[in-house]
């Protein structure tokens with residue numbers, strides 16, 4: 058069973074990052090970190106609850122990409138352009154989450170063991 062609070066939490070965070078990018082705040086590192094958190098957390102939820110929470114968050118992001126509140130846009134910004142950027146941002150996040158995660162180099166890896174002769 059998918060936990061609605063889980064989906065709501067991560068969808069809200071990504072929507073907030075979309076708004077932050079709209080006002081010019083740096084979001085690349087927080088976005089990467091939050092996506093990594095989501096992947097790890099959804100793996101844990103898969104083990105505990107047996108449902109694919111990552112897929113549910115991706116579906117919610119696609120829904121949220123179509124929602125837009127023009128009252129949140131700063132003065133002087135065209136609401137239609139802001140809506141397009143908001144939609145593109147969230148759909149891009151959904152696509153990145155849909156793709157297989159990139160292998161990370163572990164900073165904890167051990168050096169290669171050499172065989173003795």
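Numbering (my numbering), first residue to last: 58 to 174. A virtual CB, placed ideally from N, CA and C, is assigned to each residue, including glycine.
Is it buried or exposed for residue 99, if we count other Cβ within 10 angstroms and need 16 for buried? It counts as buried.
Three-state class that DSSP yields for residue 156 in the structure shown: coil
Touch test, the segment 105-119 against the segment 132-146, Cβ-Cβ under 8 Å, three pairs minimum: no
Same chain only: Cβ atoms within 6 Å of residue 102, ignoring 5 sequence neighbours per side: 110
Check whether the Cβ atoms of residue 150 and residue 71 lie closer than 7 Å to each other. yes
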